[in-house]
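Numbers in the numbering used here are just positions in the sequence shown, counted from 1, shifted up by 2. Accompanying notes for the structure given below.
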Amino acid sequence: MSMHLSKTWILPAIVAAIAAAIVAVLGATITDLGPWYQGLAKPSWNPPDWVFPIGWTLIYALNTAAIVSAWRAAPTPRVSDTVIGLFALNAFLNITWSMIFFRIQRPDWAFIEVLLLWLSILALIMYSWRVSKSAALLFLPYLFWVTFAAALNWAVVELNGPFG
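Spelled out as structure tokens, the structure:
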């Protein structure tokens, strides 16, 4: 029983938690809330800066649970590999948004990229739904969070553009 438990739950949980932590650390490292960001005009509905780390921590925890659920429910290695591939693509797009917005300082380009990020979350939800409805539901807060972030991103573009 314990060998079965480790194969079906512990290893995927450890791998997913490490992957989520790497994405979180890279995103936090890239995010610069310095003078450029502080100088941007933001909409009145922009939350205080301290809300974002709390939100992202919750999102990464839910994503970890979702990916483990989908990975465990995958009926074949090919399905499992697809779940992991979609998650990896999403992680790449997540980090890329931070790079474009904060480091390159191009909210206009970041808005285009956040649409790709949003689509990658939708793909995770739709694909996961086929193997684990609970995994798909666990990804929904991430979709809502990025939808809100995209609206904020667009508002920053509208209030501060043009960029470059």
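For every residue, glycine included, the Cβ atom is placed at its ideal position computed from N, Cα and C. Model, not experiment: these values are computed from the prediction.
For this session: Compute every distance between the C-beta of F146 and the non-hydrogen atoms of the ligand NAP, then say whether any falls below 7 Å.
Result: Ligands are entirely absent from the displayed structure, and the ligand NAP is therefore not among its contents.
Problem set entry | Segment limits, alpha helix (DSSP H) that includes K135 | K135 to N162
Exercise. Enumerated in chain order, which unbroken segments of the alpha helix (DSSP H) with a length of 4 residues or greater are wholly contained in the segment 47 to 96?
Worked result: 53 to 75
For this session: Kindly indicate which residue of Y62, L121 and F103 has the alpha-carbon position closest to the one of V27.
Result: Y62
Exercise. Is the segment 121 to 134 in contact with the segment 97 to 107, if contact means three or more CB pairs nearer than 8 Å?
Worked result: no
Exercise. What did DSSP end up calling G36 once you bin it into helix, strand or coil?
Worked result: coil
Problem set entry | For P109, the three-state DSSP class (helix, strand or coil) | helix
For this session: Taking all protein chains shown into account, decide if E160 is buried (16 or more other Cβ within 10 angstroms of its Cβ) or exposed.
Result: exposed
Exercise. Among L88, R108, P14 and N155, which residue has its Cα nearest to the Cα of F141?
Worked result: L88
Exercise. CB-CB under 6 Å to T66, same chain, minus the five flanking residues each way: which ones, in chain order?
Worked result: A18, A19 and A22
Exercise. Which same chain residues, not among the five before or five after L91, have their C-beta less than 7 Å away from its C-beta?
Worked result: S122
Exercise. Under a Cβ-count criterion, where at least 16 other Cβ atoms within 10 Å of its own Cβ denotes burial, should I114 be classed as buried or exposed?
Worked result: exposed
For this session: Could you tell me if L60 is buried or exposed, where buried requires 16 or more neighbouring beta carbons within 10 angstroms of its beta carbon?
Result: exposed
Exercise. Can you find at least 3 beta carbon pairs, one from the segment 79 to 86 and one from the segment 39 to 56, that sit closer than 8 Å?
Worked result: no
Exercise. Helix, strand or coil for F171 per DSSP?
Worked result: The chain is shown only over 3 to 166; residue 171 falls outside these bounds and no answer can be derived.
Exercise. Among G29, S136 and I127, which residue has its Cα nearest to the Cα of F104?
Worked result: G29
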